[in-house]
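Scroll down for the structure; my scribbles are underneath it.
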Amino acid sequence: MAAIPVEYHGREQAYVKHIILKTYLQRLFMIIGRNETVINYVDCFAGPWSEESEDLRDTSIGISLKLMKDCAKSLEEVHGCKVKFRALYIEKNKEAFSKLKSFLDNDSSSCVAADCIQGDYTTKIPEIAAWASHNFTFFFIDPKGWRKVINAPVLAPLLALNKAEFLINLMYDFINRAMSMKAQQANVEDLLGKPISFSGKESATERQRIIVAQYRQAIGSLYGGRSAHVTVERPGMDRVLYFLIYLTRHPKGLIVFKEAAEQMHMIQRVSQFETKLRNQSSKRAPIDDLFGTIEEPPETTGAQDNRTLAKTYLLTKLSTSPMLIDNECWAGFLEETDLYPTDFQLAFKELVKDGKIYNLDNDVKSRTKKPVRPNWPRASERWALCAE
């Protein structure tokens, strides 16, 4: 796997975030573009910031524009679909906005209609909603803070749009610290939709799950679709920096996002390994004791645990009555558990091998990697528990 590009050194979390943005958006645009004639992209905290490259290739601005140009070309050449891409970038900081406007003004591409607005996006929401109109719109909401910018009531007019998906940065590290500050309790409650109390006995992981689940519930109650999240860690540390919350109303959208998230998870492990090596090297400290051999990144930990969790979950979901595992069902598995597609595929494989479950429609023994093939109802297969 390739090393982290040098322009991301010191901000590896941005690299990980941009990986999922690139991976998911490319697949999303290619799928949506076969059925829609117009696709909108909105970046509510566009930047750019001083630490980013001059040509903006390592920013959400540069990444999104390139993706839209590439997808417009591929959709027309491969599928015969002429799609109009529109982009709207909002930035509050005057200096950053000046860079943004200059960059867009100098972009000669004709296949993406890009525009920008200077100001606080929360005061521009009616304007943004009107701009999105009735076309499919992907919103990227990536603030540097958390107060009064991603609350469900603030986002309500955008969440109400019929054809809209969202990727929202939930700044967990800041929020977690604010949970214990009396002065921040009202802000936390506004964000999460209700007060959250802890016994003090929760593990760090349990605390994370409670907070992110409550935010997903609060935002989902107004959106009315499905949600998922991925974890982004602080560079070089085994500590959550933020969660990226994804919202969609389409089961296939959630499946594709979780597949992209799984790729991001693996890249993040390599990124963390490389960052720790660089940090140790810069301190001229011995690294052998920390990592053992440094020829390969450490093996993925928790894979077996995830497989066990997936097996346990499936045994509670399946019964001796056949269950059709189509896209709707598969998306439900992924949303309810926050596990990855591979976790479930391996769990199905082991449960078949153990004689616990079977496929009523096909012999899946030859399917070594993906025994389950979720699709639309007419093309999907039925599964059930084996009789005792």
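For the sequence shown, the numbering used here begins at 6 and goes up steadily by one.
Even for Gly, the Cβ is constructed at its ideal location relative to N, Cα and C.
The structure displayed is predicted, hence computed values, not measured ones.
Short Cβ contact (8 Å threshold) for residue i with residue j
i      : j      : result
LEU93  : SER69  : no
ASP348 : ALA384 : no
LYS263 : PRO379 : no
GLU170 : GLY258 : yes
MET176 : GLY198 : no
ILE162 : ALA134 : Per the sequence shown, the amino acid found at residue 162 is Pro instead of Ile. Their beta carbons are under 8 Å apart, which means PRO162 touches ALA134 by this criterion.
ALA336 : ILE25  : no
VAL47  : ALA165 : no
CYS86  : PHE144 : no
GLU174 : ILE146 : Before going on, a small fix: residue 174 reads as Asn here, not Glu. Yes, Cβ-Cβ distance for ASN174 and ILE146 is below 8 Å.
ASN311 : LEU344 : yes
ILE95  : GLY124 : yes
PHE141 : ILE44  : yes
LYS361 : LEU329 : no
LYS74  : CYS121 : no
ILE216 : ASN181 : yes
HIS84  : ARG39  : yes
PRO200 : GLU207 : no
GLU260 : LEU339 : Reading off the sequence shown, one finds Ile at residue 260, where the question assumed Glu. For ILE260 and LEU339, yes; Cβs fall inside 8 Å.
Contacts around residue i, its chain only, beta-carbon distance under 8 Å, and the 5 residues preceding and following it disregarded
i      : result
ALA237 : Per the sequence presented here, residue 237 reads as Val, with Ala not at that position. Excluding residues within five positions, the ones whose Cβ falls inside 8 Å are GLN18, VAL21, LYS22, VAL245, LEU246, TYR247, PHE248, LEU249 and GLN273.
ASN364 : VAL357, PRO376, GLU386, ARG387 and TRP388
SER324 : ALA389 and LEU390
SER276 : ILE9, GLU17, TYR20, VAL21 and PRO240
Inter-residue Cα distance where the pair is residue i and residue j
i      : j      : result
ARG231 : ARG16  : 30 Å
THR28  : LEU72  : 10 Å
PRO302 : ALA118 : Per-residue confidence for PRO302 stands at a pLDDT of 41, beneath the threshold of 50, marking its modelled position as unreliable; no derived number is given.
GLU12  : ILE66  : 15 Å
TRP381 : GLN222 : 27 Å
LEU109 : GLN268 : 31 Å
GLN350 : PRO131 : 43 Å
GLU82  : PHE102 : 34 Å
LYS154 : LYS322 : Looking at the sequence provided, one finds Val at residue 154 rather than Lys. If I take the Cα positions, the gap works out to 38 Å.
ARG62  : GLU393 : 58 Å
THR373 : ALA352 : 12 Å
Residue i: first and last residue of the uninterrupted alpha helix (DSSP H) it sits in
i      : result
TYR220 : 209-228
HIS84  : 65-84
ALA191 : 190-197
TRP335 : 332-342
GLU355 : 346-358
VAL159 : 157-164
N- and C-terminal bounds of the beta strand (DSSP E) containing residue i
i      : result
ARG39  : Segment: none, ARG39 is in no beta strand (DSSP E) and carries neither H nor E.
HIS270 : Here HIS270 belongs to no beta strand (DSSP E); instead the alpha helix (DSSP H) covers 256-287.
TYR363 : 362-364
ASN174 : 169-175
VAL235 : 231-238
TRP388 : 386-390
THR253 : 245-253
Nonlocal neighbours in the same chain, by C-beta distance under 7 Å from residue i, ignoring five residues either side
i      : result
THR42  : VAL88 and LYS89
GLU300 : Bear in mind that a pLDDT of 37 at GLU300, under 50, signals an unreliable position, so the model cannot answer this.
THR280 : GLU17, PRO240 and GLY241
Sequence-distant residues of its chain with Cβ nearer than 6 Å to residue i (five each side left out)
i      : result
GLY225 : SER232
TYR251 : LEU172, ALA233 and PHE262
TYR318 : THR342
ALA192 : It is Asn, not Ala, that sits at residue 192 in the sequence shown. For ASN192, where only same-chain residues beyond five positions count, the Cβ hits under 6 Å are ARG152.
GLN190 : none
Chain D contact for residue i (CB, 8 Å cutoff)
i      : result
GLU340 : Absent here is chain D; the protein component of the structure consists of one chain.
request  = Enumerate, from N- to C-terminal direction, the unbroken beta strand (DSSP E) stretches of 3 or more residues contained entirely within the stretch 96-141.
outcome  = Taken in chain order, the complete beta strand (DSSP E) segments of 3 residues or longer contained in the stretch 96-141 are 117-123.
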